[in-house]
Structures are given as C-alpha cells and as structure tokens.
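Protein chains: 2
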Amino acid sequence: MSVNIYDVAKRAGLSVVTVSRVLNNSPKVRDYNRQKVLKAMAELDYKPNAAARNLAKGDTGMIGLVLPAVDDPFISQVLFAVERAVRERGMFLVTAFAASDEELSHANPGRMFLENRVDGILILSPIISEEYILELKKNRFPFVLLDQHHSAVQAPSVTVDNFYGGYQATASLIAGGVKRIAHISGSTIYESSVQRLEGYKQALRDYGLHIDEELIAAGNFSVESGYKAMMGWIELGKIPEAVFAADDNTAFGVMDAASKHKIAIPTELALIGYDDHPFGSMLHPALSTVRQPTAALGKQGVDLLLNVLAGKIKRAVTITLKPEVVLRETTRAINRPSCDPNYSVS
Amino acid sequence: MSVNIYDVAKRAGLSVVTVSRVLNNSPKVRDYNRQKVLKAMAELDYKPNAAARNLAKGDTGMIGLVLPAVDDPFISQVLFAVERAVRERGMFLVTAFAASDEELSHANPGRMFLENRVDGILILSPIISEEYILELKKNRFPFVLLDQHHSAVQAPSVTVDNFYGGYQATASLIAGGVKRIAHISGSTIYESSVQRLEGYKQALRDYGLHIDEELIAAGNFSVESGYKAMMGWIELGKIPEAVFAADDNTAFGVMDAASKHKIAIPTELALIGYDDHPFGSMLHPALSTVRQPTAALGKQGVDLLLNVLAGKIKRAVTITLKPEVVLRETTRAINRPSCDPNYSVS
DNA sequence: TCCGTCAATTAAAGCGTTTTAATTTAAAAG
DNA sequence: CTTTTAAATTAAAACGCTTTAATTGACGGA
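Just so you know, the sequences run in chain order A and B.
Note that this note's numbering has the first sequence beginning at 659, numbered continuously upward.
Note that this note's numbering has the second sequence beginning at 659, numbered continuously upward.
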C-alpha cells in the first residue's frame, strides 16, 4: 500500500539500515549514499511511519498539555508558548482541555498516560487534584506542573511569583502618592489569588499603610466581580484612592463602574490589574498591569519536562519566575504630573 | 521493561489474542475469560502501547488541528469544541499553532502529515495558502476546512454564513428605528469580513437605506481599529446613529471612543458587534452581538473529517451554519423604549 | 457412539521501523 | 603485497500489538 523503508532501500540500491540512518541523520552514512537515499525518498514520495518509529524507539515524540477550557489570555499565551517550544524541539503537542476538575482528573489526561500516548505531560490547570498528581507519581509518569504550587505534593514545577507581583503592583500604586488602596482578589481556591493578596498586604505594611479589611473585596477574576466590588464601595460612599485588581478582567469591571459614575482615572482613582490582557493597552486610559512571563513559563516548562524525561532531574525542582509591572495610564507614576489633562477621563 | 500483552496473557492463563480481543472489546470472548483478563491487567498495572496498536491497525487515533496563535474567543471556542468532539470519539487532538501564514504552511502542519502523525487534519486558519491545500489534496491526506470558503479549491469544509450574520446584525439595527448606520469592517483579506460587509450593504438596500461609503471604515478586528474609526467620524462631525462593528473587539473600541465623548449608547448611538465575546455581556451597557455557532462548527468539523476518513464522503461537501443575533443593551429593540434611562450611559 | 456444526481459542504472520552484532569494504600501515 | 584497523554496510532480531487462518472443544442430532 504505502511506500516503506524497504522500497526506498531497493530504489536507492542500499539496505534499509542505511535508509534508517539517513532518516535519523546518523553521521555514519557516506555522503554519496545519503544523497542516493534522499533522492529515492523524494522520487517515491516516502513518508516515514510514526507509529513504527515510536514502537522501535520506545517513545512517542509527543508531549501532553492539560489545561482548563477557559478563554483567558494567560492560558492562551502559555498554550502558545508551550506549543512553540514543543515544536521547536521536533515534537508534537497533544492538548487535553478540562471543563471541570472532575473531567480533568478522569477523562483525557488519564487516558493520555494510561495509553502511553505521550512521553510526558505538562499540567497548567490550577485546580488539579492532589489525587491525580499522586497517581501520576505512583505510575512514574513524567510530568511537570505549570503555575501551581502544590505544597502537599513534591513535584517538578515552574511557577510565577504571585506574592512578588502583588507586592510590586501595590508598591507602584503607593509610588503614585496614593494611600487608601483597595484590592479585589481572585478566587481564593487558587493559590495565586492568595499570594497576590498577601503581597498586597505586605506592601501596605512595609510602607506603613493601614490594612483596611473593608477595602479588600472577594472577586473571581471576572469583569463582573470588579464591577460589583467597585459599585459596592461607591454605594458605601467609601471610594478608595486606588485599586489593585487581581487580574485585568476585574480591572475592566472597575473601569466600567468608574466610568458609569464619572470617577476619573487615574486622577480620582488609580488602578492596576494583572495579566497584561491585550485589551488593557487599547483602552483609554490604558490599563497598568502586571505582566506574567508566559513565554518563559511555557518554554521552561517544556525544558524541565524534557530534562525529567532525559532522567536529568533528581529531585522535585521548582523554578520560580518573576512577573513584571507595566505602568500605563491608569496609575500615577512618580514623575508624572497627576493632573495632566491627558490622563483625565471623558 | 514494561508489562505487555504477553505478560497479561500468561497471568490470565490465556493467549495474547484473547487479551487483544478484550482490549478491543470484541464480543467473541467468553465473559468468564474476559474477567480473568481484566483482573490480570489490573494486577499487573498493564498499559497498552499506543504505538504498537497504531502500527498494527494502521491508524494513529489522532486528529490534527491547525489554527492561528491568536488569543481570540472565536478561535478558543472552536478549539475547545474540536478538542471535546475528538475526545468524545476516543481520539486525541494534536494542535499546531501558526503565528504566520509562512509558519503555518511549512512548519508544523506539514510535518503532521509528512510524518503520518495524525489520521487527518482540521484547518481553522483563515489565511491558509491555496498552495498548502493543494499539496494536501495531491497527497490525498484527509482534511477539512473550518470557517473558510476556498472558492478556488474544492475541499470539504464547515463554514458560517457571514453574509447572513452581517445582514441580520444590520437589520436588527434598522429595526431599532435607526437610519444612518455605519460599518467598521474586519481585515478584508478575510473572506468573512467581505461577507459581513456585503450582508450589511444588502440589508441597507433591502430596507431602502442609502449606502454611504464614508460610513464604511476599514478596520482589522481590533479594539484600536474600532476606536480610531469612531474617533474619525466624531472628528469629521459625521457621527452615525448606529454602528455595526465587524467583531466585538472593534465594538469595544467604539464604546471606548463614545464614552470618551459622552455619546450615550444606545440612545445616541446604537451598536452591535460580532462573535459574542464574553466581555460583551458584562459591560454596561451590555453589547449586542452576533453569536457564531462555535460548538457546532467544531463538532461538525470533526464529524465531517471522520466521515472523510471513513471514506463516506464522495465530493467536497460544504456545511454552512448560521450565526445568531443576540440583542442586549447597545441596540434599541423595537419594543424597547429608546429613551429608557437604564440604557443611557454615564 | 459418531459425526457435523458452531463457538471459542491459539499459532503464526505481519505492521514499519530501529538497533545490535556480524560482515564486508576501504584505507592505512608494515 | 600482506596485514591491521577503521568505516560503512548488511543480516537479523526486536518493539507490542492485531488479524487471518487453523485448531480445539463442546454440543446436539442421527
């Protein structure tokens, strides 16, 4: 049916091993013969059979990525970075989305390693169950955790320092000369939310500012939660001078509420988000934010997994990356006149 | 090293074929024996080797998806739908993102079929080159086009009726009692943009409205392009009564500009976008839009490809799906008082 | 009791590669 | 010109499963 390595060998007048060597660009093939093989391949339109190669070599050349099925720029960016890194290493990416934790633990990712479909998996889902991770460990299936601290279980992982991000975001607000700084948190089931909140608190403490629990609202990484929190403060007549939102979505909600009540940003209200959502830079005023190293997260995650696969990793190493504050127009920078008309809104 | 089918057979006291039959749940295994096999598998923690199965069966159990690496809800939603459909059919999804057309044509997707990594591929990228498609056809590699009309090349595809969407969006604006309706198009290199524009024009014609070329702005599916277009009309003193934006991003830009100039939506300016971006429903006012059947697109795409793989498809069929107008607060519906204070902005 | 039939099982070949070990060829050294 | 060494090639086994064809076994009818 389809042309195989024997057909190529016959056409080239050489043995299959020579053909195989060319396929795996082994150095021990005379250049003259290599050309003959290449020519035969081209003439026959030969395509190596991946299954056969995998079987013989004992690996799959594929990496699995488990991630939540949510349309979020952070997730997307990491996904792109992982795919690119995997591709650049000559491998392929198999994606397994999980709508729920339940689905995640049992359906696809399970099959992915139960059927030996991939050489190893990366797990981006923040709500992966400990049980699932333990199962992977028990089965000695290679994996790396992305952006999650699983304190209970030792596992190789690449994370982003959310405490640092929260601290820096708050500090950059403080640097604008503002004192009553509110925070709208993300869902507290995520460790990242908790860390950002802690960073916020620590910054306030370090700069001698009061921590007002009434200015800490519980959000859930949604536009709506930001809108509601801000509306709550407005209705209470307790409008903060600045808001550190747990993510940009939340910040967009704050902007929406502020715009509705003619609260000028950043003169009356300074604002900073988190995640560097692409929309942020297009709004007027443009949203200050904390940019996560998504590209590095993806790339280093893949590298770490590859090292695990190569057996180069002894213990459960954790790589921690630092996010970066991006100041745009919703914050008042130190050197920026706070009443510059360019920064007033509508 | 790892436990294989022979180990299971030995443990169960049966032959490998019986074990294989159980694996493929063939009916011709006595239930008593099936239990023995299952028990042995569990005891030995047996995991079938996918490569070996693929080699023996002649397929890979994998579907490839080629798509652009852009963070866009439409893309994400189709991706989720495809992954789910693929998973539900017991297969796996291999994703290949392409940052550019160049990268798309030559790098990953090429390898995907050159190495027989997948049984077939779905192509979501709107800017796939004709050359690439022809190469797939020439190689008789099974594929299905998603959301793209490739008039030049006959190929099985699932598309969404953008003309219809543009027409309905415009018609819904007209139904609100508005006459001077502007349009901000998407990049005209996309057939979808052209179709939406044509639908818009046809609606104007059908309702006896004048087509004013000055009210047709060239956008590119970005917040910025919407902002600029709207600002352009404002500066020209030629503010339309309504805008049909080629996508929600563009509409967000329009809202931003309107808010900056205290133009009330929908009383002074009615607005409708396209794509049903999750943000749209969270804004105040909530954005009216055209929802694309992303779930159906993904699912039917997979089904069509599977039919192609099964050899059930004779000619290059094209399935066309219809989008759906979602009216929220930025449009004035017929039965809705156009001056209701709830709909005025800031 | 024997034979035929059907169902269930087994033996063996094959899927397309890689890889180890053995062999041939070429080149260099004596 | 022979021998030694290295380089390149070849033969054959292995990877783990599926599948075709052959075999065994059980059962009922004559």
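Beta carbons: idealized from backbone N, C-alpha and C, even for Gly.
Chain B within 8 Å of residue i, Cβ atoms only
| i | result |
| --- | --- |
| residue 1010 of chain A | Coverage of chain A is limited to positions 659 through 1004, which leaves residue 1010 of chain A absent and any answer about it impossible. |
| residue 952 of chain A | no |
| residue 774 of chain A | yes |
| residue 683 of chain A | no |
| residue 976 of chain A | no |
| residue 808 of chain A | no |
| residue 707 of chain A | yes |
| residue 700 of chain A | no |
| residue 795 of chain A | no |
| residue 741 of chain A | yes |
CA-to-CA distance, residue j to residue i, given in whole angstroms
| i | j | result |
| --- | --- | --- |
| residue 817 of chain B | residue 739 of chain B | 15 Å |
| residue 907 of chain B | residue 731 of chain A | 14 Å |
| residue 741 of chain A | residue 775 of chain A | 17 Å |
| residue 837 of chain A | residue 934 of chain B | 39 Å |
| residue 686 of chain A | residue 679 of chain A | 8 Å |
| residue 910 of chain A | residue 900 of chain A | 14 Å |
| residue 752 of chain B | residue 827 of chain B | 35 Å |
| residue 895 of chain A | residue 872 of chain A | 12 Å |
| residue 674 of chain B | residue 697 of chain B | 15 Å |
| residue 924 of chain A | residue 942 of chain A | 11 Å |
| residue 875 of chain B | residue 893 of chain B | 14 Å |
| residue 905 of chain B | residue 964 of chain B | 31 Å |
| residue 835 of chain B | residue 903 of chain A | 40 Å |
| residue 987 of chain B | residue 805 of chain B | 28 Å |
| residue 989 of chain B | residue 829 of chain B | 11 Å |
| residue 955 of chain A | residue 979 of chain A | 7 Å |
Outcome for residue i when other beta-carbon atoms lying within 10 angstroms are tallied against a minimum of 16
| i | result |
| --- | --- |
| residue 841 of chain A | buried |
| residue 660 of chain B | exposed |
| residue 869 of chain B | exposed |
| residue 812 of chain A | exposed |
| residue 777 of chain A | buried |
| residue 822 of chain A | buried |
| residue 832 of chain B | buried |
| residue 820 of chain B | buried |
| residue 803 of chain B | buried |
| residue 878 of chain A | buried |
| residue 843 of chain B | buried |
| residue 788 of chain B | exposed |
| residue 858 of chain B | buried |
| residue 684 of chain A | exposed |
Simplified DSSP state of residue i, which is helix, strand or coil
| i | result |
| --- | --- |
| residue 782 of chain A | coil |
| residue 799 of chain B | coil |
| residue 843 of chain A | strand |
| residue 946 of chain A | strand |
| residue 971 of chain B | coil |
| residue 900 of chain B | strand |
| residue 892 of chain A | helix |
| residue 672 of chain A | coil |
| residue 722 of chain A | strand |
| residue 989 of chain A | coil |
| residue 925 of chain B | coil |
| residue 875 of chain B | strand |
| residue 757 of chain B | coil |
| residue 979 of chain A | strand |
| residue 660 of chain B | coil |
CB contact below 8 Å: residue i versus chain A
| i | result |
| --- | --- |
| residue 718 of chain B | yes |
| residue 877 of chain B | no |
| residue 713 of chain B | yes |
| residue 987 of chain B | no |
| residue 801 of chain B | no |
| residue 843 of chain B | no |
| residue 821 of chain B | no |
| residue 910 of chain B | yes |
| residue 710 of chain B | yes |
| residue 1001 of chain B | Only weak support is given to the placement of residue 1001 of chain B: the predicted model assigns it a pLDDT of 34, under 50, and the value that follows is read from those uncertain coordinates. No, no contact with chain A. |
Can you pull out the residues from the region 882-897 of chain B whose beta carbon lies closer than 8 Å to at least one beta carbon of chain A? 882, 885
Check each residue of the region 927-941 of chain A: if its Cβ is closer than 8 Å to any Cβ of chain B, include it; give the result in chain order. 936, 937, 940, 941
Residues of the region 743-756 of chain A whose Cβ lies closer than 7 Å to any Cβ of chain B, in chain order: 745, 750, 751, 752, 753, 755
Anything in the region 725-736 of chain B with a Cβ closer than 8 Å to a Cβ of chain A? List those residues in chain order, please. 727, 729, 731, 734, 735
Closer than 7 Å, Cβ to any Cβ of chain B: which residues of the region 826-837 of chain A, in chain order? none
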